[in-house]
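The structure appears right after this line, and notes come after that.
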Amino acid sequence: MIQHHVAAFLVSCLLHNLSAHHRLQSYPHMWFLSLATEVKTRLTAFCLLAYFLFKDLIMASRLGLNSQFIDRARAAASDIAQNMDSFIRKRTTASMERTTLRLFGVDGADDEGVPYPNRFVDQLVEHKMLQEGASRSLLKAMIHTGADVQDVVEAVTAGEIDLSKLPEIDEATIHELGDRLAKEAADRIQMRVDERNSALASSEMRDGPLHYVIVATGNIYEDVVQAQVAARQGADIIAVIRTTGQSLLDYVPYGATTEGYGGTYATQENFRIMRQGLDEVGEELGRYIRLCNYCSGLCMPEIAAMGALERLDVMLNDALYGILFRDINPERTFIDQYFSRMINAYAGVIINTGEDNYLTTADAVEAAHTVLASQFINEQFALRSGLPAEQMGLGHAMEMNPSLEGGFLLELAQAELAREVFPDAPLKYMPPTKYMTGNIFKGHIQDALFNLIGGWTNQGIQLLGMMTEAMHTPHMGDRYLALENARYVMNNIRGLGDEISYKEGGVIQKRAQQVLEEGMELLERVREKGLFDELADGTFADVFRPREGGKGRSGVVERSVDYYNPMEHELRMRLNLGNA
Amino acid sequence: MHKGCDNGRAFYSQYVSQQDIQEQEEDTMGTTGRTGATPPNLTQVRPYGDTLDDGQVQVSFTLPVPHGEEAKEAARQVASKMGLKKPRVYHSHDLGEGYSFFIVYGAFKKSIDFTSIKVAKVEAERMDFYEINDYIRQEIGRKVTILGACTGTDAHSVGIDAIMNMKGYAGEYGLERYPMLKAYNLGMQVLNEDLIAHAIEKNADALLVSQVVTQKDVHIKNLAELIDMLEAEGLRQKLVVVAGGPRISHKLALELGFDAGFGPGTTAPDVASFVVQEIKKRGLA
């Protein structure tokens with residue numbers, strides 16, 4: 002108790018003597034930055050000294066969290082991910098190999114609309130050669146014919162090259178060409194990263210959660226108009242919702258598309274069109290507008306590659322989502338998320354994870370700890386793909402029944418908990434959807450409370466709620482009202498979070514502590530039993546997914562001893578992940 | 010502009026046309042000077058703002074025109090063509106890119122005859138969890154098998170989950186919780202042929218089909234296809250087939266050949282009450 006008072010005294014000294022001290026308790030490193038330029042009085046100097054003496058106390062949890070529980074939860078998640086990593090690294094998938102081809106520059110589709118990467122990989126599957134990886138055959142064919150990547154793939158599609166009948170070529174020559182192609186591909190991605198960084202450097206910096214809205218007209222050209230309007234109304238991130246069912250396609254459609262259901266096809270051309278539209282409006286506004294798409298489903302890593310090449314900034318990319326909500330084979334998903342996350346990591350893409358979805362099927366009060374547990378798991382998988390905390394948009398949501406008495410306190414506790422456990426992650430906070438009713442007036446207030454928590458707890462990405470959720474894809478006017486709502490609430494409460502401390506042993510602290518403890522226990526149980534078994538047992542989202550079940554399992558193979566993927570190797574090197 | 014009563018009167022006469030006044034006089038005949046709550050004339054019903062028969066409604070919409078006085082006039086004319094008298098554009102906002110948003114109020118002065126309205130409704134008596142289980146025990150005498158699915162490409166399982174899942178929704182247990190039901194939630198993106206295959210395999214009594222995505226009427230096609238396939242298989246008469254979703258009405262469901270349709274706000278007992286009574290009624294027990 003006395004220690005707390007000392008800490009509180011020191012904090013108050015600092016607060017009175019520094020002019021810039023935002024988020025002091027949760028971001029002590031920022032305090033140093035401001036301090037360096039603003040030491041003005043002796044009292045401040047005293048505080049600095051005292052800070053070092055009592056640093057641990059000042060950094061004590063706002064929620065009274067037991068840091069050992071956080072460490073234990075993280076350690077369990079780390080073991081879970083490590084265990085899975087050794088499974089993943091012995092295998093490849095049809096989609097991972099198609100992705101490699103795409104990064105090497107393969108593009109386009111044949112007369113029947115089948116993309117060339119699919120044609121090439123299908124032939125490998127036919128000749129039972131997928132386990133060697135697509136690169137080996139591609140490179141051999143290139144060396145043999147002297148043709149470039151695209152020509153080889155088109156020749157294979159036309160039946161002019163039989164991949165099973167390529168002559169032997171010495172390993173050094175294959176590797177020389179493979180390394181070159183991989184370096185060129187990685188350099189192309191790096192160019193896109195540089196573009197983004199330079200655009201961001203001259204972009205207006207705004208406080209608070211990024212405002213994320215969706216467009217979903219089905220027509221990419223219509224989407225651009227809606228996105229540009231949204232940008233003018235204050236959107237920071239535009240997500241183009243995919244057409245219903247795309248996640249279950251085992252290929253990525255080609256070219257610009259103007260028809261979709263509940264969304265627009267993710268194609269590389271559509272990415273390019275929207276990127277250009279956002280760059281145009283962003284330049285005019287002096288504000289970089291980020292583009293988001295959905296890197297999930299059977300083509301998860303291919304979408305990542307396309308996004309990297311077209312400078313997308315944010316990608317939905319969850320380790321478990323496809324398994325739970327699209328019934329995609331668990332093995333396939335884990336392998337695909339590994340490779341897709343490496344691409345996202347290197348491309349500087351913020352991934353958004355999908356924990357919020359658990360709460361649409363399971364009860365948000367009871368299942369809160371599964372969200373936390375999954376955040377830990379997603380974090381550890383991301384680290385194993387070289388993705389830094391600053392790019393981890395770990396997901397959660399405000400999905401409790403709004404008629405629950407005191408429910409706001411529980412929602413606030415959850416949001417603060419995520420913020421405290423993952424201090425550097427740009428957390429993705431999802432709005433109410435399950436209890437939106439068609440009463441747009443009430444819905445607008447639900448969204449206002451959601452914005453209140455988002456601003457208060459300084460979430461990273463606020464996925465703005467629409468009053469017409471559960472009714473239709475957002476109208477242009479709905480999006481404006483949602484953005485106005487968020488801007489009003491967040492601007493009006495700016496700084497509120499820094500002013501508030503939570504009552505010791507109060508409802509909020511106790512709730513956060515309980516969720517942490519349950520999440521930790523769940524993770525330790527999953528570690529014991531293995532992630533595959535827990536998924537089969539319905540631990541997450543009340544959904545049961547056996548390891549052998551689901552769509553896309555036939556695309557999973559064990560790598561042979563001569564498996565070769567220079568792209569994976571190059572990315573691992575550049576991400577400091579060590580040898581493939 | 011609207012500073013007090015006197016100014017208000019001036020404002021009124023300035024902006025209200027002769028025609029408007031005439032219409033108002035005709036339409037408020039029954040309410041001026043009334044001293045108690047006059048019952049509305051149900052053969053001539055209009056929206057109620059703060060006086061009977063004032064016809065007040067609010068609309069909001071976006072127009073693809075640049076913001077300005079012309080845009081506001083355009084919005085007023087849109088409301089006017091909707092049949093709203095004295096439309097007032099209370100709020101407008103420049104959305105950019107040549108789009109403008111409006112909030113408009115106006116008076117709807119036509120009327121509808123409430124007494125002549127007939128709506129297709131699910132006729133079954135609504136029972137609760139215990140009554141439904143008792144009903145099955147007494148009237149059917151065996152467990153009833155119900156399959157639920159969100160079919161076609163639709164990936165929104167939130168509706169079918171609310172009806173089927175053990176925990177239920179809005180304080181009502183889901184069908185999985187009913188001891189006298191064998192309830193199977195097949196989840197989302199279930200193809201019609203797979204649903205039928207499951208129905209045969211599990212010897213189902215009833216199918217619940219949820220459709221959330223309704224863009225370009227994809228749900229109509231999908232629901233109609235299911236009925237066609239069931240008929241082709243000779244299964245239609247042996248099953249109670251129910252559709253549900255935010256844009257599903259009982260009328261639509263009947264038109265598509267379903268036994269019932271349930272819209273927003275439906276909970277598990279609504280559906281279960283209908284299914285078990287329909288089984289009894291059709292002699293499928």
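Chains as they are written, first to last, in the numbering used here: chain P, 2 to 581; chain E, 10 to 294.
Even glycine gets a Cβ: it sits at the ideal position worked out from N, Cα and C.
Exercise for the section: Within the same chain, show all residues whose beta-carbon is closer than 7 Å to that of P/Asp337, passing over the 5 residues directly before and after it, in chain order. Expected result: What you label residue 337 of chain P is simply residue 336 of the first sequence in a count that begins at 1. Here the set comprises Thr94, Ser96, Met97, Met301 and Pro302.
Problem - Where P/Met472 meets chain E, residues with beta-carbon distance less than 8 Å - result: Locating residue 472 of chain P in the first sequence gives position 471, where the first residue counts as 1. Those within 8 Å of P/Met472 in chain E are Pro255.
Problem - Cβ pair E/Cys159, E/Gly150 closer than 8 Å - result: Here residue 159 of chain E corresponds to residue number 150 of the second sequence, with the count starting at 1. Here residue 150 of chain E corresponds to residue number 141 of the second sequence, with the count starting at 1. No, the Cβ-Cβ distance between E/Cys159 and E/Gly150 is not below 8 Å.
Problem - Proximity of P/Gly396 and P/Met431 at Cβ, strictly below 8 Å - result: Locating residue 396 of chain P in the first sequence gives position 395, counting from the first residue. Locating residue 431 of chain P in the first sequence gives position 430, counting from the first residue. Yes; because the gap between Cβ atoms is below 8 Å, this pair is in contact.
Problem - Where E/Lys225 meets chain P, residues with beta-carbon distance less than 7 Å - result: By one-based count along the second sequence, residue 225 of chain E stands at place 216. Simply Tyr262.
Problem - 8 Å Cβ cutoff, E/Ser101 in contact with chain P - result: The count along the second sequence starts at 1 and reaches residue 101 of chain E at position 92. For E/Ser101, the nearest beta carbon of chain P is not closer than 8 Å to its own beta carbon.
Exercise for the section: Would you tell me roughly how many angstroms separate the C-alpha atoms of P/Leu36 and P/Gln69, rounded to the nearest one? Expected result: For the purposes of this step, residue 36 of chain P is identified with residue 35 of the first sequence, where counting begins at 1. For the purposes of this step, residue 69 of chain P is identified with residue 68 of the first sequence, where counting begins at 1. With a pLDDT of only 44 at P/Leu36, under 50, the local geometry of the prediction cannot be trusted, and no value is derived from it.
Exercise for the section: Determine whether the Cβ of P/Lys435 lies closer than 8 Å to any Cβ atom of chain E. Expected result: Residue mapping note: residue 435 of chain P aligns to position 434 of the first sequence, counting from 1. Answer yes: the Cβ-Cβ gap between P/Lys435 and chain E drops below 8 Å somewhere.
Practice task
Return no unless some Cβ of chain E is closer than 8 Å to the Cβ of P/Gly355.
Solution key: Translated into the one-based positions of the first sequence, residue 355 of chain P becomes position 354. It does not; no Cβ of chain E falls within 8 Å.
Handout entry: chain E contact for P/Met477 (CB, 8 Å cutoff)
Key = What you label residue 477 of chain P is simply residue 476 of the first sequence in a count that begins at 1. Answer yes: the Cβ-Cβ gap between P/Met477 and chain E drops below 8 Å somewhere.
Problem - Which of helix, strand or coil DSSP assigns to E/Ala252 - result: For the purposes of this step, residue 252 of chain E is identified with residue 243 of the second sequence, where counting begins at 1. In the three-state reduction of the DSSP assignment, E/Ala252 falls in the strand class, which pools E and B.
Problem - When P/Ile89, P/Asn67, P/Leu66 and P/Asp72 are compared against P/Phe533, the one with the closest alpha-carbon - result: Start at 1 with the first residue of the first sequence, and residue 533 of chain P comes out as number 532. When only C-alpha atoms are compared, the closest one is P/Ile89.
Handout entry: Pick from P/Glu391, P/Ala414, P/Gly444 and P/Tyr255 that is closest to P/Ser404, judged by C-alpha positions
Key = To locate residue 404 of chain P, count along the first sequence from 1; it is residue 403. Each of P/Glu391, P/Ala414, P/Gly444 and P/Tyr255 was checked against the Cα of P/Ser404, and the nearest Cα belongs to P/Gly444.
Exercise for the section: Put P/Tyr339 into one of helix, strand or coil per three-state DSSP. Expected result: The residue you call residue 339 of chain P lines up with position 338 of the first sequence. Of the three classes helix, strand and coil, the one that applies to P/Tyr339 here is helix, per DSSP.
Exercise for the section: Return helix, strand or coil for P/Tyr564, following the three-state DSSP convention. Expected result: Start at 1 with the first residue of the first sequence, and residue 564 of chain P comes out as number 563. The DSSP-derived three-state label of P/Tyr564 is coil.
Exercise for the section: Take P/Phe335 and list the residues in its own chain whose beta-carbon comes closer than 6 Å to its own, dropping the five residues that flank it on each side. Expected result: Taking the first sequence and counting its residues from 1, one reaches residue 335 of chain P at position 334. Excluding the 5 residues flanking it on each side, P/Phe335 has same chain C-beta neighbours closer than 6 Å at Met85 and Ile89, in chain order.
Practice task
Classify E/Arg18 as helix, strand or coil using the three-state DSSP reduction.
Solution key: For the purposes of this step, residue 18 of chain E is taken as residue 9 along the second sequence, with counting starting at 1. Any reading at E/Arg18 needs caution, since the residue's pLDDT is 43, under 50, leaving its predicted position unreliable; the model's value is listed next. Note: E/Arg18 maps to helix in three-state DSSP.
Exercise for the section: Measuring only between beta-carbons, confirm whether P/Gln277 sits less than 8 Å from chain E. Expected result: On the first sequence, position 276 is the one that residue 277 of chain P refers to. False, the Cβ-Cβ gap to chain E never drops below 8 Å.
Handout entry: Between the CA atoms of E/Gly45 and E/Asp62 - distance to the nearest angstrom
Key = For the purposes of this step, residue 62 of chain E is identified with residue 53 of the second sequence, where counting begins at 1. For the purposes of this step, residue 45 of chain E is identified with residue 36 of the second sequence, where counting begins at 1. Pairing E/Asp62 with E/Gly45, the inter-Cα distance amounts to about 15 Å.
Practice task
Return the chain-ordered ranges of every alpha helix (DSSP H) run that is complete within the segment 95 to 161 of chain E and spans a minimum of 4 residues.
Solution key: Unbroken alpha helix (DSSP H) stretches of 4 residues or longer found wholly inside the segment 95 to 161 of chain E: 138 to 144, given in chain order.
Exercise for the section: Taking the CB atoms as reference points, tell me whether P/Glu1 and P/Thr371 lie closer together than 8 Å. Expected result: Here chain P comprises residues numbered 2 to 581, so residue 1 of chain P is not present and cannot be evaluated.
Practice task
Could you pull out every residue in the same chain whose Cβ sits closer than 7 Å to the Cβ of P/Val230, ignoring the five residues on either side in sequence?
Solution key: For this step, residue 230 of chain P is matched to residue 229 along the first sequence. Hits under 7 Å: Met477.
Exercise for the section: Check the Cβ of E/Leu104 against every Cβ in chain P and list those closer than 8 Å, keeping chain order. Expected result: As a first step, residue 104 of chain E must be located in the second sequence, where it is residue number 95. Those within 8 Å of E/Leu104 in chain P are Val230, Arg233, Gln234, Met477, Gly478 and Tyr481.
Practice task
Quick one: give me the first and last residue of the beta strand (DSSP E) that P/Glu559 is part of.
Solution key: Taking the first residue of the first sequence as 1, we reach residue 559 of chain P at position 558. Its beta strand (DSSP E) spans residues Val557 to Glu559.
Handout entry: Any 3 or more C-beta pairs closer than 8 Å across the segment 317 to 326 of chain P and the segment 350 to 358 of chain P
Key = Yes, they touch.
Problem - Rounded straight-line distance, which links the Cα of P/Thr158 to that of P/Val562 - result: The residue you call residue 562 of chain P lines up with position 561 of the first sequence. The residue you call residue 158 of chain P lines up with position 157 of the first sequence. Going from the Cα of P/Val562 to the Cα of P/Thr158 covers about 27 Å.
Problem - Distance cut-off 7 Å: P/Ala542 Cβ against heavy atoms of the ligand FAD - result: Among the ligands in the structure shown, none appear at all, so the ligand FAD cannot be discussed.
Handout entry: Any chain E beta carbon closer than 8 Å to P/Val226
Key = Position 225 of the first sequence, counted from the first residue, corresponds to residue 226 of chain P. With respect to chain E, the C-beta atom of P/Val226 has a partner C-beta closer than 8 Å.
Handout entry: Own chain, CB closer than 6 Å to P/Thr218, minus 5 neighbours either side, in chain order
Key = Looking up residue 218 of chain P in the first sequence gives position 217. Correct list, in chain order: Asp224.
Practice task
Could you tell me the distance, in whole angstroms, from the CA atom of P/Ala78 to the CA atom of P/Gln381?
Solution key: The residue labelled residue 78 of chain P in the question sits at position 77 within the first sequence. The residue labelled residue 381 of chain P in the question sits at position 380 within the first sequence. Near 6 Å, if we compare the C-alpha coordinates of P/Gln381 and P/Ala78.
Handout entry: Closer than 8 Å to chain P by CB, E/Ser166
Key = As a working note, residue 166 of chain E is residue 157 in the second sequence. Residue contact with chain P for E/Ser166: present (Cβ-Cβ distance below 8 Å to some residue of chain P).
Exercise for the section: Measure the Cβ-Cβ separation of E/Leu156 and E/Ala213 and say whether it is below 8 Å. Expected result: On the second sequence, residue 156 of chain E is found 147 positions in, with the first residue counted as 1. On the second sequence, residue 213 of chain E is found 204 positions in, with the first residue counted as 1. Yes, the Cβ-Cβ distance between E/Leu156 and E/Ala213 is below 8 Å.
Problem - For E/Glu181: DSSP bridge partner residues - result: The residue you call residue 181 of chain E lines up with position 172 of the second sequence. Paired residue(s): E/Tyr178.
Problem - For E/Gly270, three-class secondary structure by DSSP - result: Translated into positions along the second sequence, residue 270 of chain E becomes position 261. Three-state result, E/Gly270: strand.
Practice task
Report yes if the C-beta distance between P/Leu325 and P/Ala156 is below 8 Å; otherwise report no.
Solution key: Counted from its first residue, the first sequence places residue 325 of chain P at position 324. Counted from its first residue, the first sequence places residue 156 of chain P at position 155. Not in contact: P/Leu325 and P/Ala156 (Cβ atoms no closer than 8 Å).
Practice task
Compare the beta carbon distance of P/Pro118 and P/Arg137 with 8 Å and say whether it is the shorter of the two.
Solution key: In the first sequence, the residue the question calls residue 118 of chain P occupies position 117. In the first sequence, the residue the question calls residue 137 of chain P occupies position 136. Not in contact: P/Pro118 and P/Arg137 (Cβ atoms no closer than 8 Å).
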